[in-house]
Amino acid sequence: MKGRIFWLALFLIGLSWMVNSYYAYSKRLDEPIFLDHYIEKSVLEEDESNLTLYYLTNKNDDSHVSLVNFGGITGYVARKDFFDDFGFYENEFNHDIQTFTHYALRELQIELNSFEFEELLNGDDELIVHEMELFYSDGRDITVPIGEVVLHLPYQIENVLNQPWAGSSSDNLSIFSYSAEESLTIDNITFGFDEVIKDQVFIKIDSMNTVSVPNQMADDLSVNWSRLPGIEIKEFKFPHELKKEEGFKLYTQISPEFIGSLESSLVIKGSTESGKPFTSYSLINNQPPYLEQEDVNRIIQEKGKGGSQ
879 MKGRIFWLAL
889 FLIGLSWMVN
899 SYYAYSKRLD
909 EPIFLDHYIE
919 KSVLEEDESN
929 LTLYYLTNKN
939 DDSHVSLVNF
949 GGITGYVARK
959 DFFDDFGFYE
969 NEFNHDIQTF
979 THYALRELQI
989 ELNSFEFEEL
999 LNGDDELIVH
1009 EMELFYSDGR
1019 DITVPIGEVV
1029 LHLPYQIENV
1039 LNQPWAGSSS
1049 DNLSIFSYSA
1059 EESLTIDNIT
1069 FGFDEVIKDQ
1079 VFIKIDSMNT
1089 VSVPNQMADD
1099 LSVNWSRLPG
1109 IEIKEFKFPH
1119 ELKKEEGFKL
1129 YTQISPEFIG
1139 SLESSLVIKG
1149 STESGKPFTS
1159 YSLINNQPPY
1169 LEQEDVNRII
1179 QEKGKGGSQ
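So in this note's numbering, the last spot in the sequence shown is 1187, and the numbers never skip.
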């Protein structure tokens, strides 16, 4: 009887091990899943420009990418510098930003060569990339979607708008204050990825005769979006005239449902009273939020890679 119980217990232990192993295997990703990136970036001449991309991979994945082909540009992968929990300096490729039951969120820092970029432009203003080829140190290579990255040469800026104050809050609300250095007309204000993620980024403009002081702007950062002053940018009537030292505010709010990386600009175009055109830029920058397990499950399910939890 005791022998029978022993073999039954051994069988159940073995069965449990096989079931757990199969379950863990079924959750493995065949390849990394990159979050959606919407990045507009200037590639500096005679220099290297860095891109930071975020991806999900298996928690125990110890492989690393050594090179990438980014729209025809060779990208070199940099190690991540950081201090660990004990204060010791580390330098490695696979530093986990977050860990989950089966997966880890990591970042890939890429150095792009500007010389190759200028050759690829071939007279165009920009290069738009939607996917990237990864070359691993073990000889593998795969191609993955990354969202939309727009690379361009540095803009020539003729700026007659002063920006005395800007601020942001923890809930992805940002405020930009502007004042006119001379009388001018604003013809339009645009956002680079408006057509792609128009339901994820909200913009308001608040026209005013004088620029708000920092204390007033700071108070606005604690106000709910619906209670903020101003008009939704898509409903604002352009052109808009400003006299010297008159100003306005731009509010931007990124939806909490947006899980990805955003690095783009608000582009303000117009002309001075004398007819001279100008362009002004303000950066909108949003890194991936702190992810919950359900966020990871949804990303994997939507991307169609691996199994959902």
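C-beta: ideal position from N, C-alpha, C; glycine also.
Coarse secondary structure for Gln1179, derived from DSSP in three states: helix
Coil, strand or helix - Leu1169 by DSSP: Residue state, collapsed to three classes: coil.
Tyr901 to Gln1171 span [Cα, whole Å]: Any answer about Tyr901 is weak, because its pLDDT of 43 lies below 50 and its placement is not dependable; what the coordinates show is given next. Straight-line spacing of the CA atoms in Tyr901 and Gln1171 works out to 17 Å.
Which of helix, strand or coil DSSP assigns to Ile1111: Three-state DSSP puts Ile1111 in a helix.
Cβ-based neighbour list, Thr930, same chain, cut-off 6 Å, excluding 5 preceding and 5 following: Glu985 and Gln987
Simplified DSSP state of Phe1071, which is helix, strand or coil: coil
Coil, strand or helix - Ser1142 by DSSP: strand
Selection from Asp939, Ala956 and Asp940 that minimises the alpha carbon distance to Val946: Ala956
Short Cβ contact (8 Å threshold) for Ile1053 with Tyr954: no
Option in Phe1156, Asn1163 and Lys1154 with minimal Cα separation from Ser1143: Asn1163
Inter-residue CB distance, Thr1063 and His1118 (contact presumed, cutoff 8 Å): 7 Å
Boundaries (first-last residue) of the alpha helix (DSSP H) holding Leu999: Ser992 to Leu999
Glu1135 versus Asn1050: straight-line alpha-carbon distance, rounded: 11 Å
Beta-carbon contacts of Phe966 that lie in its chain and below 8 Å, excluding the five residues immediately before and after: Caution applies to Phe966, whose pLDDT of 44 falls short of 50 and renders its modelled position unreliable; the model cannot decide the point.
Sub-8 Å separation of Glu1036 and Lys1154 beta-carbons: yes
Coil, strand or helix - Val1007 by DSSP: strand
Val1174 in three-state terms, based on DSSP: helix
Span of the beta strand (DSSP E), counted from its first residue to its last, around Asn1163: Per DSSP, Asn1163 belongs to the beta strand (DSSP E) from Pro1155 to Asn1164.
Coarse secondary structure for Asp1065, derived from DSSP in three states: strand
Phe1116, buried or exposed, once every other Cβ within 10 Å from all chains shown has been counted against 16: exposed
Glu1009 beta carbon less than 8 Å from that of Ile1024: yes
Glu1141 to Ser1061 span [Cα, whole Å]: Answer to the nearest angstrom: the Cα atoms are 30 Å apart.
Pro1166 and Gly1138 closer than 8 Å at C-beta: Cβ atoms of Pro1166 and Gly1138: closer than 8 Å.
Residue span of the beta strand (DSSP E) that contains Val1027, given as start and end: Asp1019 to His1030 is the extent of the beta strand (DSSP E) around Val1027.
Within 8 Å, strictly: CB atoms of Glu1026 and Val1079: No, the pair does not count as a contact, with Cβ atoms beyond the cut-off.
Buried or exposed by the 16-neighbour rule on C-beta atoms within 10 Å, applied to Ser1148: Sequence inspection shows Gly at residue 1148; the Ser mentioned does not correspond to that position. With 16 or more Cβ atoms within 10 Å of its Cβ, Gly1148 is classed as buried.
Residues near Ser1133 in its chain [Cβ-Cβ closer than 6 Å; skip 5 each side]: Gln1078
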